[in-house]
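Participant: Below are the structure tokens for one structure; questions will follow.
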Amino acid sequence: MALFKRRGFIWPSYDIYGGVAGMYDYGPLGFSLRNNIVDVWRPLYKGREGFVEIDSEYVGPREVFKASGHLDKFADKITYCTKCGAPFRADHLVKEYYDNPDTMTEKELEEAFEKHNVKCLTCGGKLGPVEDFNLMFRTNIGPGTSRVGYLRPETAQGIFMNFQNLYRYNREKLPLGVMQTGRSYRNEIAPRQGMIRMREFNQMEVELFIDPEDKTWPRFPEMADEVLTLLPNTGSETVTMTVREAVEKKVIANEALAYFVGTTKQLLVRCGVDPARLRFRQHMPDEMAHYANDCWDAEALLSIGWTEITGVADRGAWDLSRHGQFSGTDLSHFVKYDEPREVEMDKVKANYKVIGPTFKGKAKAVTDAIEAKTPADIVDGKLTITVDGEEMVLDSDKFNVVRVKEKISGERIIPNVIEPSCGLDRIFYTVLEHAYSYDEKEDYTVLRLNPEVAPIKVGVFPLMAKDGLDTVARELCEAVHTHRAEAYYDDAGQIGRRYARMDEAGTPWCITVDYDTLDGDKKGTVTIRDRDTTEQKRIRMDDAPAIIDDLISGKRKFSDL
Ligand SMILES: [Zn+2]
């Protein structure tokens, strides 16, 4: 962490005022690295799967989060010291005694404090009652306090809010994949794990709307041989199997979910997460978020232990059915059958003999209103209808439920949602930790970042900042520096120190302009040095931009130069 701060990857926010726990700013190298990770993520979904990307609001009204369940369920258990008032996350206080303390109830946690004699970590005082602490940041929309708003706890809700628009944009077809990156907020009680628990964090989320009866995936065969390390919730051992085996053995619930677990592995490895320190852990049934049917977390082995960095969840129909119900909007998809089917169904029919004489001129409107209802609308034998804005409660003599045969061409269903959700900051931090390599004997640090995500691709140096070497090196730096290849000019200090600075920044290659560049039989050539092998080669200066481009894309290897 110290190196990442020193080199300008991340800085604690508001540091000159003492900082705020769980908040970090990205420095120049960090911001580039983070953007490069997004640039690996985007084509995997947008290019390969044809998904679309949107950008929605950060602040949302209360109704949204009432429907989504966040208002009632997005909470951690909190306790305050009765003596000094310090707040603590209750489950963290007992985590050495229990396997899954985050699933314990208030009462269980209070009893655990008694049993294990847990006291305030600050003053040793007695801990108070355990209660729910909602993790959303609350604010007001507009002046006054009449309209409560919340900073979004996940980017996903903005996609669900736009489902109708997106569905129409996609010509009312499923599957429909929608992506979004941006900030989300979680008012953590006591964030202590650096970038792993941030109060303001970056997400890369995909919501894939899919027919619940058809969770296959057309490109599945391409992913089928990808090997996964899985930790299913049925055991405590990891198992290694291909994506195909995981579906065939029903370890992962369906093709689409398994496909995107495979995609997630490809994404993480391409960004530089070490495959040997990566596994997918299935949530325990009692650990699943309130909206999830099945969920697999990508976990990376970090200095703090196995840590969740992204999740792939089958959210079922939770989101759209809740928002449909709470907003009164139709968020369904029409599945057209190949051929019309004859089905038997129960229908509500008006009892014309009673309706006519009772409602006279309104009989037609009442009949229509009754027959628009379904048997599910009958509550305690009564049916409530609205005619011309007037609500009527009808007794059972006004209608009948009859069994009819009907030809139907299709049905309306609520799409299910598969969600590969990435914690961008966590991937960023994992990439840095897994790239970090320190040679104790030499006291030398190298950040072995994958070229594709490395913030600076090439350092360009004159051997000495004189005799025209610096002029040539500056020109070369400009020639190499492109949108794809960020180049960095450095002429300060000994050449060895300059290499060391670039190695610490994770720069894969350095080019040096020396006296041979200017004169003699090697005129017009420069040396290029490889970070990971420290090997040096001479290349033609004019070829440098093309060579760097090929090295980044992997078209050429350094050993082939
Ligand atoms: Zn205390």
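Taking our numbering, the leading residue of the sequence shown gets 6, the next gets one more, and so forth.
Even glycine gets a Cβ: it sits at the ideal position worked out from N, Cα and C.
As the structure is a prediction and not an experimental result, all values here were calculated from the model.
Relative to the C-alpha of residue 172, which residue among 335, 251, 290, 125 is closest?
Facilitator: Sequence index remark: in the sequence shown, residue 172 carries index 167 (1-based). Per the Cα distances, 335.
Participant: Tell whether a beta-carbon distance below 8 Å holds between residue 70 and residue 141.
Facilitator: Stepping through the sequence shown from its first residue, residue 70 is reached at position 65. Stepping through the sequence shown from its first residue, residue 141 is reached at position 136. Yes, they are a contact pair.
Participant: Check this for me: beta carbons of residue 31 and residue 39, under 8 Å apart or not?
Facilitator: Along the sequence shown, one-based indexing puts residue 31 at 26. Along the sequence shown, one-based indexing puts residue 39 at 34. Yes, these two residues count as a Cβ contact at 8 Å.
Participant: Give me the residue from 441, 557, 20 with the minimum Cα distance to residue 279.
Facilitator: Against the sequence shown, residue 279 aligns to sequence position 274. Here the closest residue by C-alpha is 441.
Participant: Going by beta carbon distance, what residues of the same chain come within less than 7 Å of residue 181, once the five residues before and after it are set aside?
Facilitator: To locate residue 181, count along the sequence shown from 1; it is residue 176. So the list reads 171, 172, 175, 214, once near-sequence residues are dropped.
Participant: Beta-carbon within less than 7 Å of residue 65's beta-carbon, same chain only, minus the 5 sequence neighbours each way: which residues are those?
Facilitator: Position 60 of the sequence shown, counted from the first residue, corresponds to residue 65. Here the set comprises 154, 155, 157, 162.
Participant: Which one or two residues does DSSP pair with residue 284 in a beta bridge?
Facilitator: Your numbering for residue 284 matches position 279 in the sequence shown. According to DSSP, residue 284 bridges with 304.
Participant: For ligand 1, which residues count as neighbours when the test is a C-beta closer than 6 Å to any heavy atom?
Facilitator: Those satisfying the condition are, in chain order, 86, 88, 89, 91, 125, 127, 128, 130.
Participant: Counting only the same chain and skipping the five closest in sequence on each side, list residues whose C-beta sits under 7 Å from that of residue 311.
Facilitator: Looking up residue 311 in the sequence shown gives position 306. For residue 311, where only same-chain residues beyond five positions count, the Cβ hits under 7 Å are 304.
Participant: Our contact map puts residue 531 next to residue 474 with C-beta atoms below 8 Å; I'd like the distance itself, whole angstroms only.
Facilitator: Taking the sequence shown and counting its residues from 1, one reaches residue 531 at position 526. Taking the sequence shown and counting its residues from 1, one reaches residue 474 at position 469. With 8 Å as the limit, residue 531 and residue 474 do not qualify as a contact, their Cβ atoms being about 10 Å apart.
Participant: With C-beta atoms as the reference, is residue 390 less than 8 Å away from residue 378?
Facilitator: Here residue 390 corresponds to residue number 385 of the sequence shown, with the count starting at 1. Here residue 378 corresponds to residue number 373 of the sequence shown, with the count starting at 1. The answer is yes: Cβ separation under 8 Å.
Participant: If you drop the 5 nearest sequence neighbours on each side, which residues of the same chain put their C-beta closer than 6 Å to that of residue 302?
Facilitator: Sequence index remark: in the sequence shown, residue 302 carries index 297 (1-based). Around residue 302: 286, 313, 316.
Participant: When you compare the CB positions of residue 564 and residue 327, do they come within less than 8 Å of one another, or not?
Facilitator: Taking the sequence shown and counting its residues from 1, one reaches residue 564 at position 559. Taking the sequence shown and counting its residues from 1, one reaches residue 327 at position 322. Result no, Cβ atoms of residue 564 and residue 327 do not sit closer than 8 Å.
Participant: Hey, how far is the Cα of residue 529 from the Cα of residue 546?
Facilitator: Counting from one through the sequence shown, the residue named residue 529 turns up at place 524. Counting from one through the sequence shown, the residue named residue 546 turns up at place 541. Going by the C-alpha atoms only, they are around 6 Å apart.
Participant: Pick out whichever of 251, 419, 354, 397 has its Cα sitting closest to the Cα of residue 321.
Facilitator: As a first step, residue 321 must be located in the sequence shown, where it is residue number 316. Residue 321 has its Cα closest to that of 419, out of 251, 419, 354, 397.
Participant: Residue 83 to residue 235, Cα distance in whole Å?
Facilitator: Counting from 1 along the sequence shown, the entry for residue 83 is found at position 78. Counting from 1 along the sequence shown, the entry for residue 235 is found at position 230. Each residue's alpha carbon lies about 32 Å from the other.
Participant: Could you tell me the alpha carbon to alpha carbon distance between residue 396 and residue 374, rounded to whole angstroms?
Facilitator: The residue given as residue 396 occupies position 391 in the sequence shown. The residue given as residue 374 occupies position 369 in the sequence shown. Near 11 Å, if we compare the C-alpha coordinates of residue 374 and residue 396.
Participant: Go through its chain and collect everything with a Cβ distance to residue 275's Cβ below 6 Å, but skip five positions before and after it.
Facilitator: The sequence position of residue 275 within the sequence shown is 270, counting from 1. Counting only Cβ-Cβ distances below 6 Å, and skipping sequence neighbours, we find 45.
Participant: Could you compute how far the alpha carbon of residue 148 sits from the alpha carbon of residue 290?
Facilitator: Residue mapping note: residue 148 aligns to position 143 of the sequence shown, counting from 1. Residue mapping note: residue 290 aligns to position 285 of the sequence shown, counting from 1. C-alpha separation (whole angstroms): 43 Å.
Participant: Is the beta carbon of residue 243 closer than 8 Å to that of residue 232?
Facilitator: Looking up residue 232 in the sequence shown gives position 227. Looking up residue 243 in the sequence shown gives position 238. No.
Participant: Can you check which of these residues, 343, 110, 185, 284, is closest to residue 292 by C-alpha distance?
Facilitator: Reading the sequence shown from its first residue, position 287 is the one you call residue 292. Nearest C-alpha to residue 292: 110.
Participant: Would you check if there are 3 or more beta carbon pairs closer than 8 Å linking the segment 347-367 to the segment 419-428?
Facilitator: They do not touch, by the three-pair rule.
Participant: On the CB-based measure, 16 or more other CB atoms within 10 Å of its CB, does residue 3 come out buried or exposed?
Facilitator: Lying before the first or after the last residue shown, residue 3 is absent from the chain, which here runs from 6 to 566.
Participant: CB residue 460 to CB residue 480, shorter than 8 Å?
Facilitator: Position 455 of the sequence shown holds residue 460. Position 475 of the sequence shown holds residue 480. No.
Participant: Going residue by residue through the segment 494-546, where are the continuous beta strand (DSSP E) segments of at least 3 residues, counting only ones entirely within it?
Facilitator: Entirely contained in the segment 494-546, the beta strand (DSSP E) runs reaching 3 residues are, in chain order, 514-518, 530-535, 541-545.
Participant: Is residue 200 near residue 434, with beta carbons less than 8 Å apart?
Facilitator: As a first step, residue 200 must be located in the sequence shown, where it is residue number 195. As a first step, residue 434 must be located in the sequence shown, where it is residue number 429. Their beta carbons are under 8 Å apart, which means residue 200 touches residue 434 by this criterion.
Participant: Under 8 Å, with one C-beta from each stretch per pair, do the segment 257-264 and the segment 89-107 reach the 3-pair mark?
Facilitator: The answer is no - the segment 89-107 does not touch the segment 257-264, with fewer than three Cβ pairs under 8 Å.
Participant: Please state the DSSP three-state secondary structure of residue 40.
Facilitator: Within the sequence shown, residue 40 is the residue found at index 35, counting from 1. If DSSP states are grouped into helix, strand and coil, residue 40 belongs with the helices.
Participant: Excluding the 5 residues flanking residue 487 on each side, which residues of the same chain have their C-beta closer than 8 Å to its C-beta?
Facilitator: Here residue 487 corresponds to residue number 482 of the sequence shown, with the count starting at 1. So the qualifying residues of the chain are 550, 554.
Participant: Hey, could you find the ends of the alpha helix (DSSP H) residue 562 is sitting in?
Facilitator: If you number the sequence shown from 1, residue 562 lands on position 557. Element bounds for residue 562: n/a, residue is neither H nor E.
Participant: In three-state DSSP terms, what is residue 451?
Facilitator: By one-based count along the sequence shown, residue 451 stands at place 446. Note: residue 451 maps to strand in three-state DSSP.
Participant: Taking the beta carbon of residue 449 as the centre, do at least 16 other beta carbons fall within 10 Å, making it buried, or is it exposed?
Facilitator: Walking along the sequence shown from the start, residue 449 turns up at place 444. The residue in question, residue 449, is exposed, as its Cβ has fewer than 16 Cβ neighbours within 10 Å.
Participant: Nearest to residue 455 by CA position, among 471, 445, 469, 436, is which residue?
Facilitator: To locate residue 455, count along the sequence shown from 1; it is residue 450. Ranking 471, 445, 469, 436 by Cα distance to residue 455 puts 436 first.
Participant: So what does DSSP say about residue 462, is it helix, strand or coil?
Facilitator: Within the sequence shown, the letter at position 457 stands for residue 462. If DSSP states are grouped into helix, strand and coil, residue 462 belongs with coil.
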